[in-house]
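Each protein sequence line maps, in turn, to chains W and H.
Quick note, this note's numbering runs 6 ahead of the 1-based positions in the first sequence.
Quick note, this note's numbering runs 6 ahead of the 1-based positions in the second sequence.
Where is the CB? At the ideal position from N, CA and C, for every residue including glycine.
Here is the structure we will look at.
There are 2 protein chains.
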Amino acid sequence: MDRHRQIIDAVRRAGQLSVAELAERTGTSEMTVRRDLELLAEQGLLERYRGGARSVLLRGEEPPFALRETDGVEVKERIAVAVAEMIADGEAVVIDAGTTCLAVARALARRRLTVMPLSLHATNALIGAPQLRLLMPGGEPRPGELALTGPLTEASLAALRFDTAIIGCCGLTAANGLTAYDLADAAIKRAAIASAHRVIAVTEAAKFSRTALALVAPASALHAVVTTDDAPDAEVDALKALGVAVRRV
Amino acid sequence: MDRHRQIIDAVRRAGQLSVAELAERTGTSEMTVRRDLELLAEQGLLERYRGGARSVLLRGEEPPFALRETDGVEVKERIAVAVAEMIADGEAVVIDAGTTCLAVARALARRRLTVMPLSLHATNALIGAPQLRLLMPGGEPRPGELALTGPLTEASLAALRFDTAIIGCCGLTAANGLTAYDLADAAIKRAAIASAHRVIAVTEAAKFSRTALALVAPASALHAVVTTDDAPDAEVDALKALGVAVRRV
DNA sequence: CATAACAAACAGTTTTTGTGTTCGAACCTC
DNA sequence: GAGGTTCGAACACAAAAACTGTTTGTTATG
């Protein structure tokens, strides 16, 4: 809803806000704000305390899934469409967790493919797709993200060979390679890359200026990167110099 | 909805019925019946043809998941509660696919357990459960049923040891053992039984008079059976003679 | 080609959802 | 533990959505 976004943004900007303040800014009653906050807190979009709410983004961590999911939706869809064009019918594809990869999964739902999603969000998006052969990896779904990780996931990946891996990331630079916040996630991404013939990384422009904790792979391990047209030229050129095909959409 | 159930039942009884006939019986317009039929056919609850609809139950096959799901709901819930009582906190449990086992999964959602569901329906019921450690097996989800099968599922089960396996069935008799319609399913049930210390079978009374194609295990492989109080005494006694604890609820 | 079945469009109705107010309970602060 | 604040349940009302039946033109099928 519109007011929900308004509240999230206001809280994110201010760090924390009182219920009364939010009621005034949104032009609604305090009761409505309380109901909204309860809902949003439940989804992990903010944190509730008596009298108001505070942002969950203050730490250096990755923002929660629900927040990223509604952020830059058309950008992710543009990337997803571009990736879908690079996949041929009949291919076997492994799709990483994350919101951008979820968009890719949705874009591939009506295609004739074999797909292994690495998150239950993508799974749910692909269930019931008539022409699609859905293959689930094992593993433990991380709360919120629903990314499958752990030895069962690694074993599932190790047992298979894919034509293409679609990999998301938290940071990507030519110098530091593809990085992720979560160590367990990073291990899975590495396993997915290892069992795929071709690796396509997807990323919004912002991630070119970021490096996360866990190194997944050097940039040279990627075959293609699909990103937006506002990606910094320097990084794009550096990636190209490493032999990575970069597509900006 | 009420009218939907009415339509399903009428079609099931008659084998097939015209739109006009259904409109009269439900006291609505033909347009409404058409809209209902479209919806129901989409869910696999019946089959549509020009002028009417026919039941999908005419063959010897297992009725579709969506049909079984809304059938005998309180009976399944009673069984589920009884099973939940037999599970201690902290146990590792593998839960089979099927509608009765789905009820068990729901009953266990708020418990402190490690759970591996063998169907994505159960997975969705367990996602977000705060105290529960959810463990996904790999595999290919069968359409509708969403039961995970195949070598990935078997490998996931083979790699683990559970305290308890909750197993559903299509048929169960002391003489013919526990049987299933689907060969792939049967293999998974067998693997689940093999990796569990204790095996609890769940079943409505009707299944005691049935034997399906694929043998999963002899009745003696079960440690307990939870069923309803209208289960035939002869079968119950025969199971008890094999050393199986039978609980009727 | 004619007739029956269908699907889209629209209008009216019903149901659901969302919102604001009131009030008693729960909760901090001093 | 007194006093003020925040909270959440309950109710009433409004807005939105879902549902239904009619009309219309289109599509199948014999």
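The Cβ neighbour count for W:Val-79, taken over all protein chains shown within 10 Å, is under 16; the residue is labelled exposed. When H:Ala-161, H:Leu-73 and H:Gly-156 are compared, the shortest CA-CA separation from W:Leu-158 is found for H:Ala-161. Here W:Met-142 is buried: its Cβ has 16 or more other Cβ atoms, across all protein chains shown, within 10 Å.
In this structure H:Leu-51 is in contact with H:Leu-73, their Cβ atoms being roughly 6 Å apart against a cut-off of 8 Å.
Assignment of W:Leu-248 by DSSP, reduced to helix, strand and coil, places it in the coil class. Within the same chain, Cβ atoms closer than 7 Å to the Cβ of W:Val-81 are found at Glu-210 and Thr-234, the five residues on either side in sequence being excluded.
No Cβ of chain H is located within less than 7 Å of the beta carbon of W:Leu-114. W:Arg-204 sits away from W:Thr-179, with the two beta carbons spaced by 7 Å or more. Between H:Ser-24 and chain W, the shortest Cβ-Cβ separation is not below 7 Å. When the Cα atoms are used, W:Ala-193 and W:Asp-42 turn out to be separated by approximately 37 Å. The shortest CA-to-CA distance from H:Val-242 to any of H:Gly-145, H:Phe-214, H:Gly-57 and H:Arg-139 is the one to H:Phe-214.
By the criterion of at least three beta-carbon pairs nearer than 8 Å, the region 109 to 117 of chain H is not in contact with the region 105 to 124 of chain W. Counted as a single uninterrupted DSSP element, the alpha helix (DSSP H) harbouring H:Val-25 occupies residues 25 to 32.
Residue contact check for H:Glu-151 against chain W: no CB pair falls below 7 Å.
A check of alpha carbon separations from W:Leu-184 across W:Ser-201, W:Leu-221 and W:Ala-20 identifies W:Leu-221 as the nearest. Ranked by how close their Cα comes to the Cα of W:Gly-174, the residues W:Val-39, W:Ala-223 and W:Asn-130 have W:Ala-223 in first place.
H:Ala-218 places its beta carbon less than 7 Å from that of H:Ala-186.
By the neighbour-count definition (other C-beta atoms within 10 Å, threshold 16), H:Thr-155 is a buried residue. The same chain holds no residue with a CB closer than 6 Å to that of H:Ala-165 once the five nearest residues on each side in sequence are set aside. Under the 7 Å criterion on CB atoms, W:Glu-48 is classed as non-interfacial with respect to chain H.
Out of W:Leu-228, W:Ala-225 and W:Glu-48, the CA that lies nearest to the CA of W:Pro-149 is found in W:Glu-48. The beta carbon of H:Ser-201 sits no closer than 7 Å to any beta carbon of chain W.
Checking the DSSP bridge columns, you'll see H:Val-231 partnered with H:Ala-207 and H:Val-252. DSSP places H:Ile-173 in the strand class (E or B) of the three-state scheme.
Per the coordinates, the alpha-carbon of H:Ile-133 lies some 43 Å from the alpha-carbon of H:Ala-26.
The beta-carbon distance between W:Arg-253 and W:Ala-227, rounded to whole angstroms, is 17 Å. This is too long to meet the 8 Å contact definition. Assigned with DSSP and collapsed to three states, H:Glu-151 falls in coil, not helix or strand. Bridge partners of W:Ala-202 according to DSSP: W:Phe-168. For H:Met-122, there is no enclosing alpha helix (DSSP H); the enclosing beta strand (DSSP E) has its first and last residue at 120 to 123. By the C-beta density criterion, H:Pro-147 is buried, having at least 16 other C-beta atoms within 10 angstroms.
For W:Asn-182, the CB contacts under 7 Å within the same chain, skipping 5 residues up- and downstream, are Thr-217 in chain order. DSSP, reduced to helix, strand and coil, places H:Ile-101 within a strand of the structure shown. The C-beta of W:Pro-224 comes no closer than 7 Å to any C-beta of chain H. As the crow flies, the alpha-carbon of H:Val-232 is around 19 Å from that of H:Asp-95.
Distance check between H:Leu-152 and each of H:Cys-176, H:Asp-191, H:Leu-23 and H:Pro-136 places H:Asp-191 closest, using alpha-carbon atoms only. Beta-bridge analysis with DSSP links W:Arg-139 to W:Thr-120.
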